[in-house]
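Peer 1: Reading the sequence shown from the start, the letters are residues 1 to 201 in the UniProt record's numbering. Got a structure here, written out as structure tokens. Questions coming.
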Amino acid sequence: MLRIDKLGHIFNARIKRATSPHIERGPLLRVSGIIVHQTGGATLNSSLSSYVKPKANGAHFLIDRDGTIYQTASLFKQTWHVGSLRARCIAEYRCTKVEMKLFGSFNPKIEHRNEMAKSVPDRYPANEDSIGIEIVGAVVTPNGASPAEKGVYEAVNQRQNASLKWLVHALAITFSVPITEIFRHPTVSRKNPTEAKSAVW
Numbered sequence: 001m002l003r004i005d006k007l008g009h010i011f012n013a014r015i016k017r018a019t020s021p022h023i024e025r026g027p028l029l030r031v032s033g034i035i036v037h038q039t040g041g042a043t044l045n046s047s048l049s050s051y052v053k054p055k056a057n058g059a060h061f062l063i064d065r066d067g068t069i070y071q072t073a074s075l076f077k078q079t080w081h082v083g084s085l086r087a088r089c090i091a092e093y094r095c096t097k098v099e100m101k102l103f104g105s106f107n108p109k110i111e112h113r114n115e116m117a118k119s120v121p122d123r124y125p126a127n128e129d130s131i132g133i134e135i136v137g138a139v140v141t142p143n144g145a146s147p148a149e150k151g152v153y154e155a156v157n158q159r160q161n162a163s164l165k166w167l168v169h170a171l172a173i174t175f176s177v178p179i180t181e182i183f184r185h186p187t188v189s190r191k192n193p194t195e196a197k198s199a200v201w
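Dropping the structure here:
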């Protein structure tokens, strides 16, 4: 169980504080899940630098290449780390006929809106009810092609995975998050399928 102060900051020797109010949004009133990401940038500093820009996006935690864990946002605040949700019932082959009619032709905005009318576990965890963990890892784009979404994320290293395992376990116990509600980013949203593919918890 993690010790969290009244500002949503963790007191633990394994976690360093590098919080940025620029990535904090509205109140995080409940935690239904944990989402694991990779930064797309090659260094810790590239992420921390982006987190101090006005209206920046980020996650609650950042794991460096050496396994050091940084808390980058209060656990009482939302961060915008998920994006539009995929339909969970489609991915898990359990949609009702009514749900299938709602989707109609493919439209990510409509899909997200329909999903947000549900609660976890009928939908994936979203910005409003999940904790985000970023792992430093570059995306390699072939022949300088763009955008980065077409590249391949580098493998998560052993030290990063060891820290990720510890952090996910500690957060899951603290917030009573079941293992079934911990996901890689591309599972819950339409992102590069190689992001966090080698992450293990």
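For glycine and all other residues, C-beta sits at the position ideal for the given N, C-alpha and C.
Measure from the C-beta of ALA172 to each C-beta in chain D and report whether the shortest distance is under 8 angstroms.
Peer 2: Absence of chain D from the displayed structure is noted, only one protein chain being present.
Peer 1: If you run the structure through DSSP and keep just helix, strand and coil, what is PRO193?
Peer 2: PRO193 falls in the coil class under three-state DSSP.
Peer 1: Spatial neighbours of LYS109 within its chain, please: CB distance less than 8 angstroms, with the 5 preceding and 5 following residues excluded, ordered by chain position.
Peer 2: These residues qualify, in order along the chain: SER84.
Peer 1: How would you call ILE182, buried or exposed, if buried means at least 16 neighbouring beta carbons within 10 angstroms?
Peer 2: Buried.
Peer 1: Where ASN12 and MET1 are concerned, what is the direct C-alpha to C-alpha distance, given to the nearest angstrom?
Peer 2: Those two C-alpha atoms are separated by around 10 angstroms.
Peer 1: I need the boundaries of the beta strand (DSSP E) containing ARG17, first residue and last residue.
Peer 2: ARG17 -> beta strand (DSSP E) spans 15-17.
Peer 1: What are the uninterrupted segments assigned as beta strand (DSSP E) that are 3 or more residues long and contained completely in the segment 28-115, given in chain order?
Peer 2: Segments of the beta strand (DSSP E) lying fully in the segment 28-115: 33-40, 61-63 and 69-71.
Peer 1: Indicate whether VAL136 and ASP64 have their beta-carbon atoms separated by less than 8 angstroms.
Peer 2: The answer is yes: Cβ separation under 8 angstroms.
Peer 1: Contact between the segment 42-51 and the segment 87-106: three or more CB pairs below 8 angstroms?
Peer 2: Not touching, per the Cβ criterion.
Peer 1: Counting beta carbon pairs with one atom in the segment 5-22 and one in the segment 109-122, are three or more of them shorter than 8 angstroms?
Peer 2: Touching, no.
Peer 1: Quick check on the DSSP output: the alpha helix (DSSP H) that includes ASN162 runs from which residue to which?
Peer 2: Here residue 162 turns out to be Ala, not Asn, going by the sequence shown. Here the alpha helix (DSSP H) through ALA162 covers 158-175.
Peer 1: Taking the beta strand (DSSP E) that VAL136 falls in, what are its first and last residues?
Peer 2: Segment 130-140, the beta strand (DSSP E) holding VAL136.
Peer 1: Straight-line CA distance for VAL168 to ARG184?
Peer 2: Distance between the alpha carbons of VAL168 and ARG184 is about 12 angstroms.
Peer 1: Which value, in whole angstroms, describes the spacing of the CA atoms of GLU128 and VAL140?
Peer 2: Cα to Cα, the separation comes out at about 31 angstroms.
Peer 1: Around the C-beta of LEU75, are 16 or more other C-beta atoms found within 10 angstroms, so that it is buried, or is it exposed?
Peer 2: The residue is buried, with at least 16 neighbouring Cβ atoms inside 10 Å.
Peer 1: Taking C-alpha atoms, which residue in TYR93, ALA42, ARG25 and ARG30 lies nearest to SER176?
Peer 2: Looking at the Cα atoms, ARG30 is the closest of the given residues.
Peer 1: ARG94: buried (16+ other C-beta within 10 angstroms of its C-beta) or exposed?
Peer 2: So ARG94 ends up on the exposed side.
Peer 1: Beta-carbon within less than 8 angstroms of residue 204's beta-carbon, same chain only, minus the 5 sequence neighbours each way: which residues are those?
Peer 2: An answer regarding residue 204 cannot be provided, because it is not within the stretch 1 to 201 covered by the chain.
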